[in-house]
Amino acid sequence: MLNSLSSGIQHLTALQTLRISDCKELVFSEDSLQFQGLSNLTSLSLDYLPKLEELPIGLKHVTTLQSLNIETCFNLKALPEWIGNLTLLEDFRISDCPNITCLPEEMHSLANLKELVIVECEHLLDRCQRDTGEDRLKIAHVPKVVLQRRT
1 MLNSLSSGIQ HLTALQTLRI SDCKELVFSE DSLQFQGLSN LTSLSLDYLP
51 KLEELPIGLK HVTTLQSLNI ETCFNLKALP EWIGNLTLLE DFRISDCPNI
101 TCLPEEMHSL ANLKELVIVE CEHLLDRCQR DTGEDRLKIA HVPKVVLQRR
151 T
């Protein structure tokens with residue numbers, strides 16, 4: 001069972017797409033260098049990581065990201081303010097992360113963001129409502145915002 005990523009991941013400089021999925025015991029290192037070498041990474045998916053409480057700080061250096069998908073991370077408590085560093089991000093999807101209570105202020109820095117999809121994140125769904133949500137101004141610049149509850 002995978003419980004940590006190899007420090008060698010930083011040497012995968014040509015890697016463009018990375019999906020980390022179904023790793024029940026995975027805990028990310030606090031070493032910010034772990035992701036720093038991923039200078040060509042354009043797509044990242046973090047899926048079903050029950051021990052993930054915060055995004056790995058090293059991701060703030062992966063400024064080439066265009067697509068970020070965070071799904072079924074039940075213990076993820078917040079999105080970091082450094083998310084504003086990901087200025088090339090075009091597609092951002094957050095699904096089944098019930099403990100994220102609000103969007104970071106720096107969402108407005110994501111000027112290239114074309115689509116934001118939020119599914120089954122109760123707090124975010126309420127806060128991102130077009131007319132009444134407390135976070136609506138943080139994402140007013142995003143052309144396509146999809147808010148979805150499963151029935």
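Mapping the sequence shown onto the UniProt record's numbering, position 56 (from 1) lands on 56, and the numbers just tick up by one. Quick reminder that beta carbons are idealized off the backbone N, C-alpha and C, glycines included.
Between the CA atoms of residue j and residue i - distance to the nearest angstrom
{"i": "K24", "j": "C73", "result": "10 Å"}
{"i": "P80", "j": "L124", "result": "14 Å"}
{"i": "D22", "j": "L52", "result": "11 Å"}
{"i": "P143", "j": "G133", "result": "17 Å"}
{"i": "K138", "j": "M107", "result": "6 Å"}
{"i": "F92", "j": "Q10", "result": "23 Å"}
{"i": "P50", "j": "N75", "result": "6 Å"}
{"i": "R130", "j": "L68", "result": "22 Å"}
Residue environment, residue i, which counts as buried when at least 16 other CB atoms sit within 10 Å
{"i": "D135", "result": "buried"}
{"i": "G58", "result": "buried"}
{"i": "S7", "result": "exposed"}
{"i": "V62", "result": "buried"}
{"i": "R127", "result": "buried"}
{"i": "Q16", "result": "exposed"}
{"i": "L34", "result": "With the sequence shown as reference, residue 34 is identified as Gln, and Leu is not the correct amino acid for it. Buried, since its Cβ has 16 or more Cβ neighbours within 10 Å."}
Cβ-Cβ separation, residue j to residue i (assumed contact under 8 Å), whole Å
{"i": "V27", "j": "S4", "result": "6 Å"}
{"i": "L89", "j": "Q66", "result": "6 Å"}
Checklist entry - Taking only runs of the beta strand (DSSP E) that begin and end inside the stretch 95-151, which ones reach a length of at least 3 residues, in chain order? => result 115-119 and 144-148
Checklist entry - Which whole runs of the alpha helix (DSSP H) in the stretch 45-86 are 4 residues long or more, in chain order? => result none
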